[in-house]
Amino acid sequence: MERENSNNNNTHVVLLPFLAFGHLIPFHQLAIALAKSGVRVSYISTPKNIERLPKPSHNLSPLFNFVSFPFPILDSHPFPDGVEASGDIPFEEYDSFSKAFDLLKLPFERFVSEQKPNWVVIDYLSHWGADVAKNCGIPVMALSVFSAASNVFFGPSEVMVGEGEKKALLMPESWTSPPPWVTFPSEVAYRPFEAVREVFYRRNVSDILFSERVARTLEGSQVVAIRSCPELEGEYLRLYSELICKPVIPVGLLPLKNVDRRETTDKSLGEMFDWLDKQDPKSVVYVAFGSEYKLTKEEIYEIAYGLEESHLPFLWALRKPRWAIDDSDALPPGFSQTSHKHKVCIGWAPQMEILSHPSIGGSLFHSGWGSVIETLQFGHALVVLPLMLDQPLNARLVVEKGLAIEVDRGEDGSFKRDNIALSLRRAMVSEEGEGMKARLREASLVVGDLKLHDHYIDQFVECLKNGVGKPQK
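Here's what the structure looks like:
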């Protein structure tokens, strides 16, 4: 039965996510949860992204409104037709993509000034949304789709912009240990090779640092919401509120409900589920690395051979690399896409439907926060191979909690097939893995507790209704 509170119908919230699916999806999940609670939601994005997001159910459609703005044309770097999400481009074009995203400010300003919503909820990378809302007299809430541990690691806004003595904290060498404000035991930090190549403090063509975007968002927001919960990250949530001197509201983990296999006319997806149906319960490793990081040929080959050497059944959802001529070219010579022990699906795959399948028992993945939550929801063994941005910090967090095994890397960040195979076997079939699986079963009871996370949504709705954090008149 749908949760709905008609008393909230007068509350109108505008959501402004960054154009990356690791941001679009949790914003969409929050929008659905708010609509179910009777809050009217306007979800801002571009046509192709809206097309790729699930449509709200018929009974929610009066409260859930997709607002489509054309993807801006950047004269200095025009993108091909259909490119509207960061996963559609090579990472070296990310800066230009961010600059194009910033051009949405004008239509957003027109919409907010006309609609006059009760709240504007912006992404950490949508800093100009705070300026727009302030000019229109609308209170602003920032929603972080990153873990609380990652937010704590980057610290308050004055650290991000490097004021005074805090400039030393912007240097890569300071990133290889927890920051000084973390007073409890923590392993959440970057490895040296990760810190050197991180882009958070690197100037780009939009002439604003990643860190400056986040800092300006924090400074312009009255309240900060985080996709997390005290049961999983209590110490980090408490510390973050102290650091930024603002209310920090956990919206829960936004777990998906009723994950059922949808009927499909896609032959390859049908064959994939037929293959899964034939595997033993909890025996298969699901492998996926998202759309943001573009794996090199050498990396894909090492992963493929590592999976093979693990002697475990696996299902790999692999995006076709730009360097591959066709699907078969994406894999090592002679490496088949299908056997009785494995299946490789080139292209998009329905991750939640796969993770919910009884044959899946573990996952080898990049440790993006959304994927961490989805994998924990089903209690699967976590084998993490972080590749970029906040992923290393999430990996350290789940390893710290005894919920994951991380693949060993060389000093340059390279990984080898034997380390992949060893990590998979440790997680799936070793005595060490059994202890981890027991902890994962406990974690899944928290992550999958729908009543618990509905409770956090209820608290969030109360904040929206009662105006917690609204600026003084």
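Under the numbering used here, the first residue of the sequence shown is numbered 662, with each subsequent residue one higher.
The beta-carbon is built from N, C-alpha and C at its ideal position, and this holds for glycine as well.
Bridge partner(s) assigned by DSSP for residue i
{"i": "I693", "result": "According to DSSP, I693 bridges with nothing at all."}
{"i": "H1003", "result": "F975"}
{"i": "W701", "result": "This sequence places Arg at residue 701; Trp is not what is there. In the DSSP output, where bridge partners are listed per residue, R701 has H673."}
{"i": "M802", "result": "V782 and V884"}
{"i": "L1043", "result": "S1024 and A1065"}
{"i": "P911", "result": "I887"}
{"i": "F725", "result": "V702"}
{"i": "A949", "result": "A978 and F1026"}
When the options are compared against residue i, the one with the closest alpha-carbon
{"i": "F854", "options": "L1050, S1032 and S787", "result": "L1050"}
{"i": "F1026", "options": "F996, V1059, S1000 and P982", "result": "V1059"}
{"i": "V793", "options": "H719, L765, S902 and F815", "result": "L765"}
{"i": "W789", "options": "K1002, E770, V728 and F1076", "result": "E770"}
{"i": "F1121", "options": "K907, V912, F871 and L735", "result": "V912"}
{"i": "G798", "options": "M821, I961 and V773", "result": "V773"}
{"i": "K958", "options": "S1032, T999, M933 and I986", "result": "I986"}
{"i": "C906", "options": "E894, E896, V884 and S889", "result": "V884"}
{"i": "H673", "options": "N1055, Y704 and G995", "result": "Y704"}
{"i": "L973", "options": "S1084, Y1117, I910 and L1037", "result": "S1084"}
{"i": "L804", "options": "G743, V1044 and S882", "result": "S882"}
{"i": "C1124", "options": "Q1052, V909 and A809", "result": "V909"}
{"i": "L735", "options": "V857, Q998 and E745", "result": "E745"}
{"i": "V1107", "options": "I1034, R899 and F871", "result": "I1034"}
{"i": "W780", "options": "R1078, K716, N671 and D742", "result": "N671"}
{"i": "G743", "options": "P717, P768, D763 and N710", "result": "N710"}
{"i": "L1146", "options": "A1104, D1110 and K1126", "result": "With the chain represented from 662 up to 1134, any question about residue 1146 goes unanswered, as that position is not in the structure."}
{"i": "D756", "options": "V813, L870 and K716", "result": "L870"}
{"i": "A761", "options": "A886, P733 and S1028", "result": "P733"}
{"i": "D927", "options": "H1001, P1011 and E896", "result": "P1011"}
Cutoff 7 Å; reference residue i; Cβ partners in own chain excluding five residues on either side
{"i": "G748", "result": "A681, F682, S952 and E953"}
{"i": "H684", "result": "P678, D784 and V806"}
{"i": "L915", "result": "P687, Q690, L691, A694, R888 and H1114"}
{"i": "R1057", "result": "E848, V849 and A850"}
{"i": "F1076", "result": "E963, L1046, V1068 and R1070"}
{"i": "D1073", "result": "F854"}
{"i": "G1094", "result": "A1042, R1087 and A1088"}
For residue i, the three-state DSSP class (helix, strand or coil)
{"i": "V866", "result": "With a pLDDT of 48 at V866, under the threshold of 50, the predicted position of this residue should be treated as unreliable, though the coordinate-derived value follows. Three-state DSSP puts V866 in coil, outside helix and strand."}
{"i": "V813", "result": "helix"}
{"i": "K981", "result": "coil"}
{"i": "P678", "result": "coil"}
{"i": "S818", "result": "helix"}
{"i": "G849", "result": "According to the sequence shown, residue 849 is Val rather than Gly. Of the three classes helix, strand and coil, the one that applies to V849 here is coil, per DSSP."}
{"i": "V1122", "result": "helix"}
{"i": "V744", "result": "coil"}
{"i": "Y1117", "result": "helix"}
{"i": "N1127", "result": "helix"}
{"i": "A1082", "result": "helix"}
{"i": "P1147", "result": "Residue 1147 lies beyond the range of the chain shown here (662 to 1134); nothing can be said about it."}
{"i": "G1071", "result": "coil"}
{"i": "K716", "result": "coil"}
{"i": "G967", "result": "helix"}
{"i": "V1107", "result": "helix"}
{"i": "A1140", "result": "This structure leaves residue 1140 out entirely; the chain is present only between 662 and 1134."}
{"i": "G825", "result": "Bear in mind that the predicted position of G825 carries a pLDDT of just 49, short of 50, making it unreliable; the figure below should be weighed with that in mind. Three-state result, G825: helix."}
{"i": "P839", "result": "coil"}
{"i": "L904", "result": "helix"}
{"i": "L917", "result": "coil"}
{"i": "F730", "result": "coil"}
{"i": "H1018", "result": "coil"}
Contact set for residue i: own chain, Cβ-Cβ below 6 Å, skip 5 residues either direction
{"i": "W1009", "result": "none"}
{"i": "L714", "result": "H689"}
{"i": "W936", "result": "K1004"}
{"i": "S729", "result": "P708 and I711"}
Rounded distance between the beta-carbons of residue j and residue i, thought under 8 Å
{"i": "L721", "j": "V700", "result": "Not confirmed; about 11 Å, so no contact."}
{"i": "P739", "j": "T707", "result": "Not quite, the Cβ-Cβ distance comes to about 15 Å (not below 8 Å), so this is no contact."}
{"i": "R1086", "j": "S929", "result": "Not confirmed; about 29 Å, so no contact."}
{"i": "V875", "j": "M821", "result": "6 Å"}
{"i": "D877", "j": "A791", "result": "Checking the displayed sequence, the identity of residue 877 turns out to be Arg instead of Asp. With 8 Å as the limit, R877 and A791 qualify as a contact, their Cβ atoms being about 7 Å apart."}
{"i": "S835", "j": "L1054", "result": "No, S835 and L1054 are not in contact; Cβ-Cβ is about 14 Å, not under 8 Å."}
{"i": "S838", "j": "L879", "result": "Rounded, the Cβ-Cβ distance is 23 Å, inconsistent with contact."}
Other residues of its chain near residue i: CB distance less than 8 Å, five sequence neighbours each side excluded
{"i": "R1100", "result": "K1062, G1063 and L1064"}
{"i": "G1022", "result": "P942, K943, S944, V945, V946, H1041, A1042 and M1089"}
{"i": "P816", "result": "Note on residue identity: the sequence assigns Gly, not Pro, to residue 816. Here the set comprises L830, P840, W842 and L904."}
{"i": "L968", "result": "V946, V948, F975, W977, H1003, L1025, I1081, A1082 and L1085"}
{"i": "E873", "result": "H788, M821 and V822"}
{"i": "F752", "result": "E953, Y954, K955 and M1049"}
{"i": "I1007", "result": "L979, R980, K981, D988, A991 and Q998"}
{"i": "D1079", "result": "G967 and E970"}
{"i": "L917", "result": "Q690, M1013, E1035 and Q1038"}
Distance cut-off 7 Å: residue i Cβ against heavy atoms of the ligand ATP
{"i": "F727", "result": "Among the components modelled here there is no ligand, and therefore nothing to report on the ligand ATP."}
Cutoff 8 Å: residue i Cβ touching any chain B Cβ
{"i": "F732", "result": "The displayed structure is made up of one protein chain only, and chain B is not part of it."}
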